[in-house]
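Working notes, structure below.
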């Protein structure tokens with residue numbers, strides 16, 4: 033008997049993650065590959081290859097219902113247009129057309145973070161919460177808000193907290209401004225800033241390990257990242273009535289090295305309030321691909 037399933041593809045600045053998922057939420061196959069340079073020019077090919085490889089990994093007994101593709105930046109999800117992405121380098125890219133030309137099933141286009149929050153709400157750490165702020169820390173940094181169980185989707189810039197300046201004259205951001213939150217608190221920025229300061233090569237996970245061990249430069253970069261994040265998150269939490277701050281991305285593997293100081297910094301900036309939970313996303317860096325699968329399932333009414 034054939035399994036009905038969808039493919040979810042999360043196109044990140046560093047890696048592209050994909051998953052083959054049934055309507056019941058069972059993951060039949062997953063894959064992670066490096067994101068190629070100028071991926072916008074090759075998005076259809078990248079998507080088709082992911083679909084073919086996942087179907088091969090799961091066997092031939094898969095009835096593919098739809099494909100969902102989640103991307104960062106400014107996304108017009110209704111029109112399927114990637115309006116702008118600082119990390120992937122495109123403007124006004126017709127994502128829907130690019131993918132539809134290479135697959136023979138319906139295609140859903142979504143924002144990676146909003147799609148990821150949907151997945152966390154249905155499958156992960158936000159299943160019991162209706163007022164949630166989701167902040168994945170990856171190559172870039174954005175957010176999504178769930179209010180009374182519904183995604184907040186206003187204009188194109190909804191959730192793009194990564195490009196708010198939190199430290200004037202701070203480090204240069206990919207968007208061209210200085211001192212953006214993304215240039216201080218994203219996983220990419222943490223690794224880059226520590227490497228520039230020390231002359232050593234290491235990613236954010238390495239910085240977390242060294243900070244936990246007490247290395248001064250790692251602790252400085254780490255604490256600056258957490259303080260900048262708290263500066264941005266606190267007013268959003270206060271304005272939106274958030275009850276749960278869900279931190280995602282690969283950096284959540286740092287565990288309490290990340291979460292404990294963030295809880296403390298957020299409590300201080302919220303005037304001592306302790307009613308806002310700060311937790312690690314259950315889906316980790318799989319949230320984007322499972323979120324893309326979620327919007328694909330929604331597209332076909334499953």
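Numbering (the working numbering), first residue to last: 33 to 334.
Heads up, the beta-carbon is just placed ideally off N, CA and C, and yes, glycines get one too.
Check	Outcome
N-terminal and C-terminal residue of the beta strand (DSSP E) that residue 100 is part of	94-103
Among 231, 54, 310, 48, nearest to residue 333 - alpha-carbon criterion	54
Segment contact, 8 Å Cβ cut-off, at least three pairs: the segment 154-164 with the segment 77-93	no
Bounding residues of the beta strand (DSSP E) (the contiguous stretch that carries residue 53)	47-53
Closest by C-alpha distance to residue 79, when choosing among 108, 57, 44, 236	44
Straight-line Cα distance separating residue 40 from residue 272	29 Å
Short CB-CB distance (under 7 Å) between residue 270 and chain B	Among the chains of the structure shown, chain B does not appear; only one protein chain is present.
Residue environment, residue 104, which counts as buried when at least 16 other CB atoms sit within 10 Å	buried
Where residue 275 falls: helix, strand or coil (DSSP)	coil
When 331, 115, 42 are compared against residue 188, the one with the closest alpha-carbon	115
Environment of residue 129 [buried if 16+ CB atoms lie within 10 Å]	exposed
N- and C-terminal bounds of the beta strand (DSSP E) containing residue 177	176-179
Rounded C-alpha distance that separates residue 192 from residue 327	20 Å
Residue of 148, 217, 203 minimising C-alpha distance to residue 211	203
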